[in-house]
Every structure is written in C-alpha cells, then in structure tokens.
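Everything on this sheet refers to the single structure shown next.
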C-alpha cells in the first residue's frame with residue numbers, strides 16, 4: 001500500500017470516528033428525564049417489532065406469554081423451573097383512525 005492510499009484510509013477512519021462522537025452524546029440522558037409523547041398501546045407482553053403502514057396504522061409484533069403447555073426445565077444456575085410454551089404470539093394493529 002502506498003503512502004497516498006494509507007493517508008486516504010486514515011482520513012476516512014478518522015472521519016467515521018469523529019462522526020460517531022456526537023451520536024453517542026445524543027443518546028446520553030439523565031435518569032428520570034421525561035421525553036414528550038403519549039401512550040398509544042397498553043397490555044403488550046413483549047413487543048418485538050413495529051411497522052407503520054402507508055395509511056398511518058401501527059402494527060406491533062407481540063411475543064406472547066408462552067401459552068398453556070408446560071414442561072419442566074432448569075434455569076441457567078441449574079435450578080428447576082416450569083417452562084410455559086404455546087401459540088400466544090400475536091400481531092396487534094393500532095389504527096390511525098383512532099387518532100394515533
């Protein structure tokens with residue numbers, strides 16, 4: 001690699017690193033700092049994904065609670081636990097017509 005190529009690569013890496021610095025400061029927040037907004041959905045168990053369609057409707061993939069089937073298992077420390085499984089995942093539509 002010649003000196004010119006090395007210099008260009010070094011400048012690109014430096015620019016990328018400097019560009020990341022303001023982004024990190026953007027995400028820093030004090031504990032308890034409230035952000036503006038409103039709750040548009042409650043009762044979700046474990047939202048895993050969100051999509052906003054062209055009509056403005058919000059679709060949320062909710063992971064569910066595990067269902068009514070049970071099996072005995074162990075946790076990471078080796079302690080016995082009861083594991084629930086079943087088809088309780090769902091897709092929830094929050095309609096733009098509701099004023100969201």
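In this note's numbering, the protein residues as written are 1 to 100.
By construction, the Cβ of each residue, glycine as well, lies at the ideal position given by its N, Cα and C atoms.
Here the structure is a predicted model, which is why all the values come from computation and not from measurement.
Whole-angstrom distance between residue j and residue i, CA atom to CA atom
i: residue 89; j: residue 47; result: 10 Å
i: residue 80; j: residue 93; result: 37 Å
i: residue 58; j: residue 43; result: 15 Å
i: residue 39; j: residue 82; result: 33 Å
i: residue 62; j: residue 8; result: 47 Å
i: residue 91; j: residue 50; result: 10 Å
i: residue 78; j: residue 71; result: 15 Å
i: residue 76; j: residue 87; result: 24 Å
i: residue 53; j: residue 11; result: 40 Å
i: residue 41; j: residue 60; result: 10 Å
i: residue 84; j: residue 74; result: 13 Å
i: residue 6; j: residue 34; result: 46 Å
Check whether residue i and residue j have beta carbons under 8 Å apart
i: residue 45; j: residue 64; result: yes
i: residue 96; j: residue 56; result: yes
Which residues DSSP lists as bridging residue i, in chain order
i: residue 74; result: 80
i: residue 62; result: 47 and 90
i: residue 42; result: According to DSSP, which records beta bridges pairwise, residue 42 is partnered with nothing at all.
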